[in-house]
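For the sequence shown, the residue numbers in the numbering used here are 53 to 758.
Glycine included, each C-beta is placed from N, C-alpha and C at the ideal position.
Here is the structure we will look at, set down as structure tokens.
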Amino acid sequence: MNQSTTLDQIPVTALKGVGGSLATKLAKIGLFNLQDILFHLPLRYMDRTRVTPIAALQPNMNAVIEGEIRGCEIVFGKRRSMVVRLQDATGNITLRFYHFNNAQKQRLQTGAGLRVFGETRRGSAGLEIYHPEYEVLDEAAPLPLEQSLTPIYPATEGLTQARLRTLALQSLHWLATHALHELLPDAVRIKLHQSSLAEALRFLHQPPVNANTQLLMDGEHPFQQRLAFEELLAHHLSLLLLRRQIQADGAVSLITNSNLRQTFLKNLPFKLTKAQARVTAEIAADLAKPLPMLRLIQGDVGSGKTVVAALATLAAVTSGKQAAIMAPTEILAEQHRLNFGRWLEPLGIKVGWLTGKLKVGERRTQLAAIASGEAQVVIGTHALFQDTVEFADLGLIVIDEQHRFGVHQRLSLSRKGAVLAATSSTNNSIHAMRPHQLIMTATPIPRTLAMSAYADLDCSVIDELPPGRTPITTVVISDKRREEVIERVRLGCAEGRQAYWVCTLIEESEVLEAQAAQVTAETLALALPQLRIGLIHGRLKSAEKETIMAAFKANELDLLVATTVIEVGVDVPNASLMIIENPERLGLAQLHQLRGRVGRGAIASHCVLLYGSPLSHHSKERLRVMRESSDGFYIAQQDLQLRGPGEVLGTRQTGEMQFKIADLQRDADLLPSVKHAASLLMSQYPELCHKIIERWLGKSHVYLQV
Ligand code: ADP
Ligand code: MG
Numbered sequence: 053m054n055q056s057t058t059l060d061q062i063p064v065t066a067l068k069g070v071g072g073s074l075a076t077k078l079a080k081i082g083l084f085n086l087q088d089i090l091f092h093l094p095l096r097y098m099d100r101t102r103v104t105p106i107a108a109l110q111p112n113m114n115a116v117i118e119g120e121i122r123g124c125e126i127v128f129g130k131r132r133s134m135v136v137r138l139q140d141a142t143g144n145i146t147l148r149f150y151h152f153n154n155a156q157k158q159r160l161q162t163g164a165g166l167r168v169f170g171e172t173r174r175g176s177a178g179l180e181i182y183h184p185e186y187e188v189l190d191e192a193a194p195l196p197l198e199q200s201l202t203p204i205y206p207a208t209e210g211l212t213q214a215r216l217r218t219l220a221l222q223s224l225h226w227l228a229t230h231a232l233h234e235l236l237p238d239a240v241r242i243k244l245h246q247s248s249l250a251e252a253l254r255f256l257h258q259p260p261v262n263a264n265t266q267l268l269m270d271g272e273h274p275f276q277q278r279l280a281f282e283e284l285l286a287h288h289l290s291l292l293l294l295r296r297q298i299q300a301d302g303a304v305s306l307i308t309n310s311n312l313r314q315t316f317l318k319n320l321p322f323k324l325t326k327a328q329a330r331v332t333a334e335i336a337a338d339l340a341k342p343l344p345m346l347r348l349i350q351g352d353v354g355s356g357k358t359v360v361a362a363l364a365t366l367a368a369v370t371s372g373k374q375a376a377i378m379a380p381t382e383i384l385a386e387q388h389r390l391n392f393g394r395w396l397e398p399l400g401i402k403v404g405w406l407t408g409k410l411k412v413g414e415r416r417t418q419l420a421a422i423a424s425g426e427a428q429v430v431i432g433t434h435a436l437f438q439d440t441v442e443f444a445d446l447g448l449i450v451i452d453e454q455h456r457f458g459v460h461q462r463l464s465l466s467r468k469g470a471v472l473a474a475t476s477s478t479n480n481s482i483h484a485m486r487p488h489q490l491i492m493t494a495t496p497i498p499r500t501l502a503m504s505a506y507a508d509l510d511c512s513v514i515d516e517l518p519p520g521r522t523p524i525t526t527v528v529i530s531d532k533r534r535e536e537v538i539e540r541v542r543l544g545c546a547e548g549r550q551a552y553w554v555c556t557l558i559e560e561s562e563v564l565e566a567q568a569a570q571v572t573a574e575t576l577a578l579a580l581p582q583l584r585i586g587l588i589h590g591r592l593k594s595a596e597k598e599t600i601m602a603a604f605k606a607n608e609l610d611l612l613v614a615t616t617v618i619e620v621g622v623d624v625p626n627a628s629l630m631i632i633e634n635p636e637r638l639g640l641a642q643l644h645q646l647r648g649r650v651g652r653g654a655i656a657s658h659c660v661l662l663y664g665s666p667l668s669h670h671s672k673e674r675l676r677v678m679r680e681s682s683d684g685f686y687i688a689q690q691d692l693q694l695r696g697p698g699e700v701l702g703t704r705q706t707g708e709m710q711f712k713i714a715d716l717q718r719d720a721d722l723l724p725s726v727k728h729a730a731s732l733l734m735s736q737y738p739e740l741c742h743k744i745i746e747r748w749l750g751k752s753h754v755y756l757q758v
């Protein structure tokens with residue numbers, strides 16, 4: 053192979069010991085060539101460079117120890133195990149093996165010297181190590197210790213650490229004679245004082261003897277940061293490219309008729325807050341452009357996002373286009389239907405309606421109105437995006453209360469939008485047209501996280517609540533004091549207030565959750581015979597849900613026992629007390645959402661977090677955050693610290709935004725320069741963008757279909 057061949061052109065089979073079957077295994081985890089191997093970076097390191105005295109061991113420590121065997125016996129406990137006592141000059145420790153054979157026992161003779169490597173844990177009688185790696189020491193031939201930290205690679209089935217290590221070391225040899233593309237332009241590297249790529253890779257796969265162990269273990273070493281930067285850059289670029297691809301299609305410019313807007317505003321029973329007015333103007337500016345808007349509105353619970361969305365739909369209507377509003381639940385869609393109907397119909401705008409639970413005849417009527425364009429604004433649930441729905445001319449999609457959305461979800465919506473627009477578009481221009489997109493969320497994302505996770509979206513923040521709200525007081529109470537809480541509900545309702553009692557379950561089962569709520573409703577009915585109690589859960593027919601919600605809104609019910617179906621958007625200003633059972637089971641963002649159902653009127657509101665005791669330390673911390681703050685941004689920031697970005701973004705399960713070396717939280721300080729470098733690359737080095745993405749995210753990412 054000639055010297056000008058670069059490592060990305062050399063297949064893994066060039067390495068010693070890599071045949072067809074190993075190559076297949078490597079391909080499964082996206083490792084095809086030597087560059088891929090070198091970018092399969094250690095997740096962490098183990099320190100096998102020194103022997104730790106037994107007395108200095110702590111629980112959950114990975115350590116090398118050396119000592120003399122003081123005894124070895126088979127113990128018949130719950131499970132048969134072989135137990136070895138090991139002693140050094142400072143103390144002793146138990147080694148425990150559940151899988152062992154006779155030959156092993158023979159070699160572990162009392163008096164023999166042993167070097168052991170493993171993780172300590174607390175056992176019933178002091179520290180133990182389960183299944184350590186061990187070597188019998190021979191005084192005549194002392195074993196060398198490792199010279200440098202041992203890298204630990206991401207675990208993969210069928211590939212041992214030892215195997216991954218030798219592959220990496222072999223690839224490093226090739227690195228001495230073959231080039232690796234440096235993809236960061238000098239302008240970026242020099243400005244950031246970045247080391248060369250080869251140097252960083254060599255260091256990380258084989259840390260030298262004098263490396264700063266602590267920095268490496270913490271992922272803060274400059275070489276790690278250098279690669280983390282490039283990885284974050286790759287993610288950022290992929291989102292920017294996505295945006296560019298979407299915006300390569302045009303959109304129809306939408307401009308609101310100002311008389312229509314004036315009338316709309318005049319009819320409202322309130323004045324827009326400054327924040328609402330600002331965000332409305334930002335949206336209007338986007339809609340006026342012939343490019344599809346991609347905008348995310350973050351606004352805390354109760355900040356008044358609905359009216360902002362309604363104002364956006366006026367632009368579509370003025371321009372003879374349709375707007376679709378998608379809500380996550382039937383209850384919320386229903387509520388939007390009422391609000392939009394009340395706001396838009398007096399202006400002569402026809403509001404259509406589509407959910408999965410419509411009767412056949414009604415559905416047919418609605419579909420016809422949507423297809424003919426008679427329905428100018430259409431409210432609905434996910435049903436709006438089914439194949440059978442045809443819009444006459446869709447110009448704007450609003451997605452409300454979107455809490456968890458990774459890139460894939462966003463993409464699939466955008467794709468559906470494009471398809472909808474394509475089936476609807478009557479114009480014959482060559483350019484594909486996409487509807488504008490507005491995404492609204494009440495789950496604020498901390499700024500740095502938003503910057504990298506939503507680089508493809510423009511963000512607006514409604515950072516102000518309408519005037520006249522009184523803050524919610526939150527208390528955390530053990531369910532041992534349930535009686536007192538019930539009494540509190542009685543007193544509150546006696547004063548003419550209304551209350552929610554929310555039942556939660558861990559199982560994602562509507563059936564079980566409904567049952568639990570049913571039981572609670574019955575118990576509360578016995579305890580509070582004077583109250584009018586309603587029950588609402590996901591198993592009810594949508595007409596039943598509507599009836600109950602309407603009765604609660606009309607103050608014909610005092611107490612609404614509910615499951616988390618009321619989590620988002622439900623708006624009943626007279627409800628001022630909420631009890632949440634087992635709040636420790638829910639995420640902070642979800643609790644914040646639920647709690648946001650109260651505190652919507654002028655009356656002082658209360659939220660009781662009725663936990664099942666005993667609470668773990670972690671749960672206590674989380675509930676403390678809820679008690680101390682009602683600021684969605686602060687809560688999100690805490691949630692991020694307690695649960696990590698994957699959970700907060702809702703992307704952990706989907707495996708999205710998983711990094712090889714970067715950590716969104718630890719490396720947050722890199723994000724501003726990542727952002728800066730990304731726009732520089734997009735404008736001046738477009739050919740490098742694809743290469744960086746491909747190196748870090750794989751080929752498939754470069755050619756995402758949007
Ligand atoms: P969210 O942002 O949680 O979706 P909503 O749009 O449901 O909030 O608004 C919450 C409540 O505040 C509604 O009753 C709405 O009518 C009211 N509201 C919205 N904007 C204002 C305002 N500028 N002044 C007073 N009340 C408002
Ligand atoms: Mg809302």
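Return yes when at least one heavy atom of the ligand ADP lies under 7 Å from the C-beta of residue i, else no.
i    : result
A654 : no
P398 : no
H628 : Correcting the residue type first, residue 628 is Ser in the shown sequence and not His. Every heavy atom of the ligand ADP is 7 Å or more from the Cβ of S628, so no.
V353 : yes
T325 : yes
D515 : no
P496 : no
Q328 : yes
D683 : no
F322 : yes
P523 : no
P625 : yes
P518 : yes
Whose C-beta lies closer than 6 Å to the C-beta of residue i among residues of the same chain, with five residues either side of it excluded?
i    : result
V360 : Q328, V331, T332
V513 : Q350
A164 : I121, V188
N479 : Because the pLDDT at N479 is just 47, under 50, the model does not fix this residue reliably, and the value given afterwards should be weighed accordingly. Same-chain partners within the cutoff: there are none.
A566 : H589, R591
L253 : L90
S355 : I514, L517
T65  : A75
E598 : E386
I need the boundaries of the beta strand (DSSP E) containing residue i, first residue and last residue.
i    : result
L227 : First-last for L227: 213–229, but that is the alpha helix (DSSP H), not the beta strand (DSSP E).
G413 : Per DSSP, G413 belongs to no beta strand (DSSP E); it is in the alpha helix (DSSP H), 412–424.
T599 : No beta strand (DSSP E) contains T599, which is instead part of the alpha helix (DSSP H) from 594–605.
R167 : 165–175
G372 : Here G372 belongs to no beta strand (DSSP E), and DSSP marks it neither H nor E.
F149 : 144–149
S628 : 627–633
V188 : 185–188
Can you give me the Cβ contacts of residue i inside the same chain, cut-off strictly under 8 Å, excluding the 5 residues immediately before and after it?
i    : result
S200 : T101, Q258, P259, P260, V261, A263
S305 : L339, A340, K341, P342, S371
K532 : S665
S731 : L292
Using a threshold of 7 Å, is the CB atom of residue i nearer than that to any non-hydrogen atom of the ligand MG?
i    : result
T76  : no
D452 : yes
T358 : yes
May I ask which residues mark the beginning and end of the alpha helix (DSSP H) holding residue i?
i    : result
R647 : 640–647
E125 : Run containing E125: none in the alpha helix (DSSP H); it sits in the beta strand (DSSP E), 114–128.
M759 : Residue 759 lies beyond the residue range present for the chain, which begins at 53 and ends at 758; the question has no answer from this structure.
Near residue i, which residues of its chain fall below 7 Å by C-beta distance, leaving aside the five closest residues on each side in sequence?
i    : result
L160 : I121, C124, V136
V677 : L640, I687, Q690
Q705 : Reliability of the predicted coordinates at Q705 is poor, the pLDDT of 46 falling under 50, and the value obtained from them is presented with this limitation in mind. Cβ within range, chain order: n/a, list empty.
message: Which complete beta strand (DSSP E) runs does the region 487–556 hold, if anything under 3 residues is left out?
response: 488–493, 510–514, 524–530, 550–554
message: Going residue by residue through the region 236–269, where are the continuous alpha helix (DSSP H) segments of at least 4 residues, counting only ones entirely within it?
response: 238–243, 249–257
task: Just list the alpha helix (DSSP H) runs in the region 271–352, keeping only unbroken ones of 4 residues or longer that don't cross its boundaries, in chain order.
output: 274–300, 310–319, 326–339
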